[in-house]
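Written out below as structure tokens is the structure these notes cover.
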Amino acid sequence: MADTSMQNILQGISVLELGQVLAGPFAGAIFADLGAEVIKLERIEGGDDARTMGAAFRYGDALNFHVFNRGKKSVAIDLKSPDGMAAFERLAAQADIFVHNMRPGVTQALGIDGAALCQRHPQLIYCEISAFGHTGPMQMQPGYEPLIQAFSGLSSINGGPQDPPMRSGASVCDQGTGMWAVIGALALLQRRGHTGQGGVVSTSLLETALGWVGQKADAHANLGRLPERHRSGHPGFVPYESFETQDAPILICCGNDRLFTKFAIELGHPEWIDDPRFSSNRNRLANKIVLLELLVPLLQTQPRAAWITRFNAAGVPCAPVNSVAEALADPQVQALKMQSRVPNEDFVLTALPISFDGERPEHRFVAPRLGQHNQEFNVSKKT
Numbered sequence: 004m005a006d007t008s009m010q011n012i013l014q015g016i017s018v019l020e021l022g023q024v025l026a027g028p029f030a031g032a033i034f035a036d037l038g039a040e041v042i043k044l045e046r047i048e049g050g051d052d053a054r055t056m057g058a059a060f061r062y063g064d065a066l067n068f069h070v071f072n073r074g075k076k077s078v079a080i081d082l083k084s085p086d087g088m089a090a091f092e093r094l095a096a097q098a099d100i101f102v103h104n105m106r107p108g109v110t111q112a113l114g115i116d117g118a119a120l121c122q123r124h125p126q127l128i129y130c131e132i133s134a135f136g137h138t139g140p141m142q143m144q145p146g147y148e149p150l151i152q153a154f155s156g157l158s159s160i161n162g163g164p165q166d167p168p169m170r171s172g173a174s175v176c177d178q179g180t181g182m183w184a185v186i187g188a189l190a191l192l193q194r195r196g197h198t199g200q201g202g203v204v205s206t207s208l209l210e211t212a213l214g215w216v217g218q219k220a221d222a223h224a225n226l227g228r229l230p231e232r233h234r235s236g237h238p239g240f241v242p243y244e245s246f247e248t249q250d251a252p253i254l255i256c257c258g259n260d261r262l263f264t265k266f267a268i269e270l271g272h273p274e275w276i277d278d279p280r281f282s283s284n285r286n287r288l289a290n291k292i293v294l295l296e297l298l299v300p301l302l303q304t305q306p307r308a309a310w311i312t313r314f315n316a317a318g319v320p321c322a323p324v325n326s327v328a329e330a331l332a333d334p335q336v337q338a339l340k341m342q343s344r345v346p347n348e349d350f351v352l353t354a355l356p357i358s359f360d361g362e363r364p365e366h367r368f369v370a371p372r373l374g375q376h377n378q379e380f381n382v383s384k385k386t
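Numbering (the numbering used here), first residue to last: 4 to 386.
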């Protein structure tokens, strides 16, 4: 009987991943953490480029490779050789899901594009990840995270009014696209349970970026309004941003008039509640500069910890503006156990941000060495 525990929720599902660096491998890592068998196909010479993206961390591979390839099995294969292609077809015939983020045109040249492969293997759920999408004049162009952030307008909404456009610190397009690939695959897996047929999931870094920009894009499309840039604030609420205190920054979120009332009382200025300049959020938006001129010096009179204690007691949402190290050390983050030790290894990796029945999926095993599992799947390392 199959193990139905949370750790093996996708046990029995076979995933074939032909992924490089981030978006495709991140999708594969999600499947692996959820219990699927993920077979990572790599070039015989060098394998996934992520293996050398940085200094050697463990087993000669960079930390980035370990982050996005835990829990997988590696098969080194030459897809340009007849023997390698024969091995690929055999693996594809046994797979439930195939995911790739190869350069545009590569799968077509190899004859393993979605239409061709699904015709030969109609049960297969085929997930293709590209930079600019599966249609349009730029569909054949490659792309990378910062390039897509720039092209999509995402960079233009980051930072403050006087800052140049800047990329997000996290790879939100790459990793977000990997997540969409998984969501699409699971949706088609559900459909296949009724029809017996697989299908093609298409997603891209650009579509993901446009999804993240959607709120701003919709305001422009419907209202003709370009987004204002707020370094840490929000265009719809005041006060709703970070402020300097006596020693460190704090972020305060008064998302409605009730919270502003609590905020004003805690600051010792109950008269602000009935002040026509500040009595409603719309009034505060119109008089934001005036309100901030009052708030900024006031918040600098006490250290951050004191304000956090006071605001928490009053029910005013606030948080320290933490560094990564400070966030990891926080008791709340510690309680979530997002950093999970890799079994039989001496290091930890960030786990999936999801729990089932109160349990978070754990890493199953360390990222594979190149071609480590060729013999298990009867694939010659020469193919």
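Where is the CB? At the ideal position from N, CA and C, for every residue including glycine.
Positions of the alpha helix (DSSP H) runs, each at least 4 residues long and wholly inside the stretch 318-380, are given as 327-332, 334-339 in order along the chain. Just so you know, the alpha carbons of M88 and P140 end up roughly 30 Å apart.
Counting along the chain, L21 sits inside the beta strand (DSSP E) bounded by residues 17-21. Note that the stretch 307-323 touches the stretch 243-263; at least 3 beta-carbon pairs, one per stretch, sit closer than 8 Å. In chain order, I276, A317 place their CB closer than 8 Å to the CB of I268, counting only its own chain and leaving out the 5 sequence neighbours on each side.
Per DSSP, R61 is one residue of the beta strand (DSSP E) stretching across 59-61. DSSP places S207 inside the beta strand (DSSP E), whose first and last residues are 202-207. Annotated three-state conformation of L37 is coil, per DSSP. Assignment of P167 by DSSP, reduced to helix, strand and coil, places it in the coil class. Under the 8 Å Cβ criterion, the stretch 42-49 does not count as touching the stretch 347-354, having fewer than three qualifying pairs. In its chain, beyond the 5 residues on either side, C257, G258, N284 have a beta carbon closer than 7 Å to the beta carbon of F240. Shown here, L297 sits in a helix according to DSSP, grouped into three states. If you ignore the 5 residues before and after G156, its C-beta comes within less than 6 Å of the C-beta of V216, all in its own chain and listed in chain order. Taking C-alpha positions only, Q375 is separated from V41 by approximately 13 Å. Ranked by Cα distance from L37, the first of L189, D221, G108, S383 is L189.
Here the stretch 131-138 lies against the stretch 202-213, with 3 or more beta-carbon pairs under 8 Å apart. Taken through DSSP and simplified to helix, strand or coil, S77 comes out as strand. Setting aside the 5 residues that flank it on each side, Q23 is surrounded in the same chain by D51, D52, A53, N104, M105, each with a C-beta closer than 8 Å to its C-beta; the list follows chain order.
Ranked by Cα distance from E45, the options M56, R280, V78 are led by V78. By the C-beta density criterion, S358 is exposed, having fewer than 16 other C-beta atoms within 10 angstroms.
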